[in-house]
Structure formats: C-alpha cells, structure tokens
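Notes follow the structure.
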Amino acid sequence: MSAPLAARFIVIEGPEGAGKSTQVRRLAEALRKRGAEVVVTHEPGGTPAAEAIRRVFLSGEHEAITPLTELFLICAARAQHIAEVVRPALEAGRTVLCDRFSPSTMVYQGYAGGLPLETARVVDEAARQGLLPDLTIVVDVPAEVGLQRNRRDNAADRMEGKGLEFHRRVREGYLRYAAEAEEPCVVISGEADAEAVAREVLEAVVGEAPNPPASPSSEGGRT
C-alpha cells in the first residue's frame, strides 16, 4: 500500500442529490487500484446500533423530531460508529471513506436547523473524542438541482421532504463550513457528470489527476 494512502480518514459531504455517495464508491475503487486498503462507511449508520438510529432519524413516521433531538440521535450513532468501525480501521492502517460525518451535523442541525452552532459543536466534539478527518470534500450543487435529482431517482425521506428553503440553507451552510473548517476541506462542483467530478475528487485526495476518458460518461451525479 502506498504510504500516503495509509490510515487516512476522508469524508465526502454535500447537500441532497449532490452525488456524494457515487463519489465515495468511485474514490474507493480508484484508491484500491493504487494499493490502498479501503473501508467504505456512512453516517448515520455503519453499525447495527447506528443503523437503528438511522431508521428513526430518516423515517417519515417521526416528523416532529426537533433539531436538538436530531443532534443527540446523530451524535449517539457517531460515537458508536467511531468506536466500532472508524478507529479500528485507522489503527489497522486502512483508509476510511465516510459518506457524511460531523459537517452534516453542523450544517443540517446547526446552519439549516437553527440550533446554536456552539451547541452542535460541543455535542459533536463529545461524540468524536478528538477524531478529525484528514480531508473533507464537499460536493456542491444548488438545492434545486439536488432535489430534482433525488425526486427523479429516489423516494424522499424525512430530511429530503423539508422544503426548498431548508435545502438552500443547507447548501449555504456547507459553503460556510468549508471556509471555516478545522480540517482541510475542499469544495468541488457536483454539476458536471459523475466521471468528471470523480477526477476532481481523486486529484484532491492523491494530488494527481488521472487521464480523462476518451469519451464523456453519460452517468449523472447521484446521491
């Protein structure tokens, strides 16, 4: 395994429909070709207990959940996920790619949800126990674009159903987060086709751009 790829914690973030989950999969494939041992995971979830919390969090049966309740649910899942999945993988020298992490908490419950950012930060820090990503990549799309993609491709969950203005605040929150992040953070436009975005993501991670394909891919970005 290439030393620069060992024991790195890389988070891919973005608003609904940005294509981040597709980019996690593509990045994992590219890094494995370079010899990295890669663990792919996601939040909320990643362990049986955290997946149970995810079901409560996303279910439309619980529309009255407040941003503060969301914060405690997500951070409880995060603490378990870090203990069971993320830290053991990093300690074993593996690269961890995570679809969402603390930035989602600051954005969805803080910037967009209206919780004081300091409240979100304190609870998140307790869950993380000092763990920070080596790199966070925000895949950015306008709220209108992301929601249109998700309506085309998926059944909406509770978060996706919160309305356009909420998701505009989500996008703005991600851009603010990226400008102020404690860890290295890169913003990449997700409006291009998925293959072009993947090249930019890989370049951000390994510092080199792969050769572009002979013909453009027809695959669009997806969550």
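So for the sequence shown, the numbering used here puts the first residue at 797; every next one is plus one.
For glycine and all other residues, C-beta sits at the position ideal for the given N, C-alpha and C.
Residue 977 and residue 891 have their C-alpha atoms spaced approximately 21 Å apart. Annotation: the continuous beta strand (DSSP E) that includes residue 895 extends over 891–895. The alpha carbon of residue 808 has as its nearest neighbour, out of 832, 919, 843 and 836, the alpha carbon of 836. Within the segment 911–999, the complete beta strand (DSSP E) runs of at least 3 residues fall at 931–936 and 981–985. Ranked by Cα distance from residue 817, the first of 896, 878, 832 and 841 is 896.
Sorting 823, 839 and 840 by C-alpha distance to the C-alpha of residue 832 places 823 at the top.
By the CB criterion at 8 Å, residue 986 and residue 937 fall inside the cutoff. The bridge partners DSSP lists for residue 809 are 934. Cβ-Cβ distances below 8 Å link residue 883 to 927 in the same chain, with the five nearest sequence neighbours on each side left out; the list follows chain order.
When secondary structure is reduced to three states using DSSP, residue 818 falls in the helix class. Rounded to whole angstroms, residue 904 and residue 830 show a C-alpha spacing of 34 Å. Runs of the alpha helix (DSSP H) spanning 4 or more residues and lying entirely within the segment 816–852 occur at 816–829, in chain order.
In chain order, 903, 907 and 908 place their CB closer than 6 Å to the CB of residue 969, counting only its own chain and leaving out the 5 sequence neighbours on each side. When 962, 933 and 991 are compared, the shortest CA-CA separation from residue 983 is found for 933. A residue is called buried once 16 or more other Cβ atoms fall within 10 Å of its Cβ, and residue 960, having fewer, is exposed.
In the structure shown, residue 883 adopts helical secondary structure according to DSSP, grouped into three states.
Counting along the chain, the unbroken alpha helix (DSSP H) around residue 870 starts and ends at 863–877. Under a 10 Å Cβ-count criterion, residue 912 is classified as exposed, with fewer than 16 other Cβ atoms of the shown protein chains found around its own Cβ.
Rounded to the nearest whole angstrom, the C-alpha separation of residue 942 and residue 935 is 11 Å. Shown here, residue 1003 sits in coil according to DSSP, grouped into three states, outside any helix or strand.
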